[in-house]
Structure formats: structure tokens, C-alpha cells
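One line per chain: the protein sequences are P and Y, in this order.
For the first sequence, the tail end lands on 429 under this note's numbering, and the numbers increase by one without skipping.
For the second sequence, the tail end lands on 767 under this note's numbering, and the numbers increase by one without skipping.
Inspection log for the structure reproduced underneath, given as C-alpha cells.
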Amino acid sequence: MAGYVAGGARVAELDRIRMTRKSRLHIPLSSARPGDKPDFSYLNLSPAGSVDKPPIDVRTKDIEHLSLELVRVLDDDHRAQGAWNPNLDPDQLQIGLRWMLLNRVFDERMWKIQRQGKITFYIQATGEEAVSIAQGMALRPGDMCFPSYRNQGLFLYRGTKLVDMMCQCLSNTRDMCKGRQLPVLYHNKDANIFSLSGNLATQYPHAVGWAMASAIKGEDHIAASWLGDGSTAEADFHHAVTFAAIYQAPVILNIVNNQWAISTFQGFAGGERRPFAARGIGLGVPGIRVDGNDFLAVYAASLWAADRARRGGGPTIIEHVTYRGGAHSTSDDPTKYRPKDEWKSFPLGDPVERLKQHLIGEGHWSEDQHDAVIGEYKEKVLAAWKEAKTHGTMTEGPRLNPDGMFDDVYAEVPAHLQRQRREMRALED
Amino acid sequence: MPQMNMIEAIRSGLDVVMAKDPNIVVLGEDVGYFGGVFRCTDGLQRKYGEHRVIDAPISEGGIIGTAIGMGVNGLRPVAEIQFADYIYPGVDQVVSELGRLRHRSGGEFFSPVTIRTPCGGGIRGGQTHSQSPEAISTHISGIKTVIPSNPYDAKGLLISSIESDDPVIFFEPKRIYNGPFDGDPDKPAVPWTSHPKGEVPQGYYTVPLGAAEVVEEGSDLTIIAYGTLVHVAQAAAKLVGVNAEIVDVRTLSPLDTETLTQSVKKTGRCLVAHEATRFSGFGAELTATVQEECFYHLEAPIERVAGWDTPYPHAFEWQYFPGQKRIAAGIRKVMDAK
């Protein structure tokens, strides 16, 4: 078992305590800003296959190193290495690649649609697709997901129709949220995916409570939740980890460390000195730091944590080390705060490209197949968009009745809301 | 019929519904082994086990947040926040999540959480154990707000709250846990046994949410109050010697406008009283509602008697508390107006 090796000169500098005559503040400094050469030397990278895989009933104190090292399966030549290799069948890997491709093609189209002014807002998951798809595949359908806003891959994988997701973004007559939510704040009750909130980290204690209820009822379903590196600074994160630790709730708590929280790098959420995966150690919650762009590693770590939770072993924190390939959202311009092509220098690359090269290397995929799938998905997404528009856009076609805003505030519409609905209606007529 | 104080009535309400519905769970600080600092859950863990009466860490945000998740998974959680003054770390979960979940998910998800929390002063609690933050609760869409004023209502309203598919914040005025306090701290404490609403059926019954109650009929003026101040208002009316109609709001949201306005239309005069701070307090909503609905029946401006707009001062509790004298002065003002 290797100890924690600091990731580079910057981390070594942080580790040195320089005594001064007066106290002073440390202001975290991003390793690179616009115009600078990208610098990811702060990342501690373990070689693929180098980290041991313990049995699921291992004691938390014996696997603290898993929160400091980096679980990787795919090496730089895209070959699967080491004990964490989940040995998935090629067809399973192809399924994973296809869902990641659909996620990316969908995002690209929705981004353009927003730029054309057809929807007000969009958030893409570019570069982070493995986080949703690989864990989605490792979970069982009865497991409940409490996602963040970059988990559209989960919705797709669990069978949410493209047209339904588009109609949500359009707030049109087929919108699952009935015109009440910002685009991308989906839900899918039938597929066991919770309703997205615009407030960050609030879903984390919900996942823990859901998991506690599952255990109280004696079921073997687990819960999983996702949030970003930035959101770990929210109180809800700490509430959730504390409750999960105390009651050993069957839950996977994912931290998607994509390096950036809008313009602040992960150091501003406290990621400079210790990895996010180590956040639970003080409470006895094991953490696994995983290469979030390595489909095989994410799948293996997720399955390990799911099996442990399902069998009464309690919660696991999984930190997915990845990179936010695009802007935070359509309202954001990352060229103002980070090097333009920083993603190209990210040492863990692109999850889609890496799984593709792995499959090609194993003889189970080809460039032609890849291009054909992309072409097929572009058509599929375009067809869904055409259908979505028939249910109304912001400017054309059928519109939702605003009367509906008074429904679902309570189980039944109380008198004062009925009165306000009549008042609004009178002005509309 | 059995006599119960408000603590026993609340405990009995929890017991009756927990026996009926295995999905009801209780969680909160000190609620399990110890039975709660006010003893409202005493004995429930022994009876229903540690998986249904759950001692929680000191984390109000975590208690409410996890309760929401339990509710989504089919349980019916009753969360206790030890003092209403401690609810603030959980308020984001109430405002952004609990109150909006049904609406934002197009009616598909909901979480039927009831949050019980003792409120109000008069117990030498200082500024962090005396607050009445009900106006924060009533300002949140999707949440119902309940404040009982006696043991019978407490049990019936609590059962309705727990069985409601809507989330409810259930405030318990702790000064009247053990007896109907009339606002005079120098008088010996009176137990609930001498009060008709201290008679509480042993078994299941409900008091409907959204219904105020005229607790005393009268013709000179209407006093609208809730919680502890229902009893203080009754004493103050006697002190002045007016024939007041006392309306106990009971459910603040959704508000029973009908019962309130019917009374004021009859009496033509209205005083609103609560213990919470006055500015932007729930009394402002009551006053505005009465003004809108009863303007042409009013013979005098509506009077508001409330806590001062200061923190609740430990050493000057009875100067802060809107007691008999202040309500009496308000009554005279309303009655003297030409």
C-alpha cells in the first residue's frame, strides 16, 4: 500500500509551514488563469492498476489510503489493469459507451438550441459522462438516485425519453414539471430518480434519509447522490455525511470533483491539502478517490460501494476526479477565468475517448462504428427535438395554462389559492 | 374521560398513530431513550423500538433533511426540533425542499413530514429558548402551520398533521404544556385538570386542519389569538369587563378566514394578539385580512398587541410578554374608539 504522495511542487509548497511573526491568511491560488499554461501538477495520480482492491467487509480504518490514492483501471495505452478491473463483457462496455455518446450528442444539440434562443438555459455534462453512466450501470433499478444538475446521463440511462427531457427544458405542454422549474431540473419517479433542486447539496441529506428508510423497512435498496467539489462546503454535505456515518445508512455519496465551481477552482472548497474523498475519514466513512474519466474504474468503485451498502456495510464516499469540459452553464464564459484549452492538458483525458480506445484496442469497436453511432444519435436527438417542439416552444404552438401554477402547492388547492387563481384568471380574460 | 396536560396529549397522539401506522417514525434530539427534554416522546422508544423513535445528532438541518428523504421513501416522519429557536439551520430544507417538492415535481414527489417544535416564552428561557417564529413558517408556500392552545386540540391537530400528505410545522406553546397560563406570572400555576379542554379521549380522534374555533362567544369585540395568548386574552377581557368573542386561530396556514371575518362582522371591533414580534408578524396578515374583508363593518381601527420588536430579554421577560395589562389596554383602545 503506497502512502499519500503529494502531487507536485504546488502541493509540496502548501505542505511546508513557514513560520512568520504575525498570522496571515492563505488565499488559494488557481494553478492557471487565462493566458497561463495549464498546470495540473497538483493532482496526485496513481498508476493504473496500482491500488489494491479490498473485500467489501474491510474495516474503514484499513482503507484510508483509498481516499488519498487514485483508483484507475485504464492505463495510458487504454488497457485495463489491476484488481479493480470489473471484467465487464464487451457488450456491456459498448452499452456504456453508447449511453455516454448519447449524453454528449444530446448536450451538444441542447447547447445549440439554447444559443438559438429556443430554451432559456442549459447545463452540459461534457467530460463527466462516465460519472453518471458507469455508476448508473453499477446500481440496480430499485436503488434511488438523488442527482445533481450534471447527471442527465442517469436520466437517459434509466430510460427517460429524450423528448421528455427536451419538453422539460421547453416548459411546454408536455413538461413533466408543468412549467415550474428551470431547464434541466428533471425528475423521473418511475425510474427512481429524485426531483432536482436549484439549491446545491440539499439532495444529499435526502439520499441519506431515503437510505435510512430503506434499512428501517428492511429492504436492500440503496440510495446514491451526487454533488460537486464546490458543494462540499455546504452544511447539507456535512449533515448528510454525519447522519450516514452515525446510522451506517446504505448510501453512496458521490463527490464529482470537476476542478471548477464556476470560476473558483477546487482549492476554494478546501481541496488543496486533502482530497475530497477523505472528507468522511474523521467520521469513519470510507472514501474512494477514483479516476472519474475511467469508465471501468467508476463502475468498479460504484459496484464495490453498492455491494458494501446493500449488505449492511454502510456508506461510502466516492470522489470522481474529472474535469468540467465546458462552461458551467449557458450563462457562463469560462475563458474569463481559466486557460482556454485547459481540458486538453487534463491528465485524465476524456472519458468517451478513453473507453472508445479501450474497446478498439480490444477489437470490440471501430472508428466506423463510433462515427455511425454518433450519426444515428444526432438523427435521434434531432427527431426528438422536432417532436418536442410540437408540444410548444416559448414562442410557438400550444402553451401551458398558467392556472396550473396553483396546483400541487398542497395536496388539495386551499381556499386562498383558489381565490388567487380566480383573481389571476379574471385579469387574463 | 381522561385528564391530560398538553405533553401527555401530544404523547398520546403520537402513540395512537404509531400503533396504527408502522410507517410513522419519530426523530429528533433526545427524543428516544430519554423521551425528549419536554417528555413528549417519553416511553415511545421502549414501545416502538429504536428504528422508529430515533435519537438524532444536534443537527436541525440534518434532522429535517433526512426526514424529507424518509418521507420520499414512504415513511411518515415526525421530526422534533427541540426549541423553535433552533429551527433556523433547517429552514433552507423547509423553504427550498419540503415546501416545494410536490409543486416542482409536477405533483409526483411529496414528503409528508411533520415538524413539532416548542415555541414561546414565559419560561425564563432567554432569547434563544423563547421565540415564536411562526411568521417564518406561514410565509413559506406548501407548508401548513399549526399552533394548538390546549391539550384536546393538541392531540387532534397533531394526528391530523401527521396524517396530512402536506408538510406541517406544528408549534407547541411550551408555557401552556402544563397548564392554561393566563399571563400573570405571580399567580400560582393552574393545571389542565381544571380546564374543559384538559379532557382528552384516550384513543384516536382528529381536529381538522384549517379550522379556527370560537372559544368564547361575545358581542363587544373580537379578539383573534392563538397558543398561549388565547388564555391571556380571555383573562384580559375579564379584567376590562367586556363581552369579548375570542377566536383561536389554531391553523395559521391555510387560514380559516371565514370564521375570523364572520366574528368581526358581528362585533364590529377587532384586536389581534400574539407573542411574536410585531413588525411583519402574523398579526399583520390577520389585520390585513380583517381589514380587507370587514372594512365596512368596522367601528374602530384594528388593534395589534404583540411582543416588542426586540430579542426576548432574559431579565425583562414580563415586560416583553404581551400580558393581560397590554391586551387590556388594547381592548380599551378598541372599545373607546368612536
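Where a beta carbon is used, it is the ideal one built from N, C-alpha and C, also for glycine.
**Three-way DSSP call (helix, strand, coil) for Y:T546 in this model** = Three-state DSSP puts Y:T546 in a strand.
**Request:** Would you please state the rounded distance, in angstroms, between the beta carbons of P:L139 and P:A297? I believe it to be under 8 Å.
**Result:** Distance from P:L139 to P:A297 at the Cβ level is roughly 16 Å; contact not present, criterion being Cβ atoms closer than 8 Å.
**Request:** Taking C-beta pairs closer than 8 Å, name the residues in chain P that Y:S589 reaches, listed in chain order.
**Result:** At a C-beta separation below 8 Å, Y:S589 has no neighbours in chain P, since its nearest C-beta there lies roughly 13 Å away.
**Item:** When Y:V542, Y:G528, Y:R698, Y:S534 are compared against Y:M499, the one with the closest alpha-carbon
**Value:** Closest by alpha carbon: Y:V542.
**Prompt:** Along chain P, which residues have their Cβ under 9 Å away from the Cβ of Y:V693?
**Reply:** The contacting residues do not exist; Y:V693 stays about 17 Å from chain P at best.
**Item:** Sequence-distant residues of the same chain with beta carbon closer than 6 Å to P:G3, five excluded per side
**Value:** Residue placement at P:G3 cannot be trusted, given a pLDDT of 39 that sits under 50; what the coordinates show is reported in the next sentence. When the five nearest sequence neighbours on each side are left out, no beta carbon in the same chain lies closer than 6 Å to the beta carbon of P:G3.
**Message:** On the CB-based measure, 16 or more other CB atoms within 10 Å of its CB, does P:M1 come out buried or exposed?
**Reply:** Note that P:M1 has pLDDT 36, beneath the 50 cutoff, so the model's placement of it is unreliable and the number below is only indicative. Exposed, by the Cβ-count rule.
**Item:** Nearest-angstrom Cβ-Cβ length linking Y:D671 and Y:L650, presumed shorter than 8 Å
**Value:** In the sequence as presented, Asp is not what sits at residue 671 of chain Y; that position holds Val. Rounded, the Cβ-Cβ distance is 6 Å, consistent with contact.
**Message:** Is there a C-beta anywhere in chain Y that falls below 9 Å from the one on P:P250?
**Reply:** It does not; no Cβ of chain Y falls within 9 Å.
**Message:** Runs of 3 residues minimum, wholly inside the region 307-395 of chain P: which ones carry the beta strand (DSSP E) assignment?
**Reply:** With a minimum length of 3 residues, the continuous beta strand (DSSP E) runs that stay inside the region 307-395 of chain P are 316-321.
**P:G404 in three-state terms, based on DSSP** = In the three-state reduction of the DSSP assignment, P:G404 falls in the helix class.
**Prompt:** Within this structure, are the beta carbons of P:V208 and Y:T495 separated by less than 9 Å?
**Reply:** Yes, they are a contact pair.
**Request:** Assign P:A411 to buried or exposed, taking buried as 16 or more other Cβ atoms, counted over all protein chains shown, within 10 Å of its Cβ.
**Result:** Counting Cβ neighbours within 10 Å, P:A411 comes out exposed, since fewer than 16 surround it.
**Prompt:** When we look at the beta-carbon of P:F265 and count the other beta-carbons within 10 Å, is it buried (16 or more) or exposed?
**Reply:** Classification of P:F265: buried, given that the 10 Å Cβ count is 16 or more.
**Asked** What is the rounded straight-line gap between the Cα of Y:D521 and the Cα of Y:T706?
**Response** Distance between the alpha carbons of Y:D521 and Y:T706 is about 22 Å.
**Prompt:** Mapping DSSP to helix, strand and coil, what is Y:H660?
**Reply:** Looking at Y:H660 - three-state DSSP - the assignment turns out to be helix.
**Prompt:** Using a Cβ-Cβ cut-off of 6 Å (strictly less than) and excluding sequence neighbours within five positions of P:Y247, which residues of its own chain qualify?
**Reply:** The answer, listed in chain order, is M212.
**Per DSSP, the bridge partner or partners of P:C169** = Partner(s): none; P:C169 has no beta bridge.
**Message:** Mapping the DSSP letters down to three states, classify Y:H568 as helix, strand or coil.
**Reply:** In the three-state reduction of the DSSP assignment, Y:H568 falls in the coil class, being assigned neither a helical nor a strand state.
**Asked** In the DSSP assignment, what residue or residues form a beta bridge with Y:K573?
**Response** Partner(s): Y:V597.
**Item:** Terminal residues of the alpha helix (DSSP H) in which P:W111 lies
**Value:** Start and end: 90-115.
**Residues of its chain near P:R419, where Cβ-Cβ distance is below 6 Å and the 5 sequence neighbours each way are ignored** = Closer than 6 Å at Cβ, skipping near neighbours: no residue.
**Message:** Tell me which residue opens and which closes the alpha helix (DSSP H) that Y:I760 is part of.
**Reply:** Y:I760 -> alpha helix (DSSP H) spans 753-765.
**Buried versus exposed call for Y:K767 [16 or more other C-beta atoms within 10 Å across all chains shown]** = With fewer than 16 Cβ atoms within 10 Å of its Cβ, Y:K767 is classed as exposed.
**Message:** So for Y:F463, helix, strand or coil by DSSP?
**Reply:** In the structure shown, Y:F463 sits in coil (DSSP, three-state: anything other than H, G, I, E or B).
**Request:** Output yes or no for whether 9 Å exceeds the beta carbon distance between Y:F600 and Y:G639.
**Result:** No, they are not a contact pair.
**Message:** Within 9 Å of any Cβ in chain P, is that where the Cβ of Y:V686 sits?
**Reply:** Looking at the sequence shown, residue 686 of chain Y is not Val but Thr. Answer yes: the Cβ-Cβ gap between Y:T686 and chain P drops below 9 Å somewhere.
**Prompt:** Alpha carbon to alpha carbon, what distance is there between Y:V501 and Y:K694?
**Reply:** Between Y:K694 and Y:V501, the C-alpha separation is close to 44 Å.
**Nearest-angstrom Cβ-Cβ length linking P:F40 and P:P347, presumed shorter than 8 Å** = Confirmed, Cβ separation roughly 5 Å.
**Asked** What span of residues does the beta strand (DSSP E) with Y:G457 cover, start to end?
**Response** For Y:G457, the enclosing beta strand (DSSP E) has its first and last residue at 453-457.
**Message:** DSSP has Y:L650 in a bridge; who is on the other side?
**Reply:** Paired residue(s): Y:A673.
**Item:** P:S148 - DSSP class collapsed to helix/strand/coil
**Value:** Three-state DSSP puts P:S148 in coil, outside helix and strand.
**Item:** Sequence ranges, alpha helix (DSSP H) only - wholly within the region 166-216 of chain P, length at least 4
**Value:** Within the region 166-216 of chain P, the runs of alpha helix (DSSP H) at least 4 residues long that lie entirely inside it are, in chain order, 203-216.
**Proximity test, Cβ basis, 9 Å: Y:E509 and chain P** = No, its Cβ sits nowhere closer than 9 Å to a Cβ of chain P.
**Request:** Pick helix, strand or coil for P:V431, following the three-state DSSP scheme.
**Result:** Within the shown structure, residues of chain P are numbered from 1 to 429, placing residue 431 of chain P beyond reach of any answer.
**Asked** Is it the case that the CB of P:L25 approaches a heavy atom of the ligand HEM more closely than 8 Å?
**Response** For the ligand HEM, the structure offers nothing, since it holds no ligand at all.
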